[in-house]
Amino acid sequence: MATLHLLSHSPFSDSRLSSCLRVLSADDALLLSGDAVYALQHGTDHRRALELMPESIALFALEEDLAARGMDSLPLRLQQVDYEGFVELCCRYDRTNSWL
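Each residue of the sequence shown is one higher than the last, beginning at 7 in our numbering.
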């Protein structure tokens, strides 16, 4: 079963991102929101880890959170979604796992 993993905490404050990356399966997806979008900062280990994910794992981020944090120079594989897209993703995947 494909799972949408939701991360909203900064990858610089704890190990949720690395824990999540270890359990991702081939058909899963990762949606970054809130301070989790800081994982996309160019030149960081977090960004490299995201770029090394298998291509079958989709990577999403909330465009509002990217804009609010001035994030640019984003990975090509990243798909930006709005809140409507967020809801659609929750419906598309069999399960949703929020990394609280």
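The C-beta atom is built at its ideal place from N, Cα and C for all residues, glycine as well.
What you are looking at is a predicted structure, and each value in this text was computed from that prediction instead of being measured.
CB of residue i within 8 Å of CB of residue j, strictly
i, j, result
"residue 92", "residue 58", "no"
"residue 42", "residue 25", "no"
"residue 86", "residue 69", "yes"
Spatial distance of residue i from residue j (CA atoms)
i, j, result
"residue 96", "residue 102", "6 Å"
"residue 60", "residue 106", "24 Å"
"residue 74", "residue 40", "9 Å"
Cβ-based burial, residue i [other Cβ within 10 Å; buried from 16]
i, result
"residue 21", "exposed"
"residue 13", "buried"
"residue 32", "exposed"
Spatially closest choice to residue i from the options, by CA coordinates
i, options, result
"residue 49", "74, 80, 99, 34", "80"
"residue 66", "84, 54, 77, 72", "84"
"residue 64", "30, 7, 23", "30"
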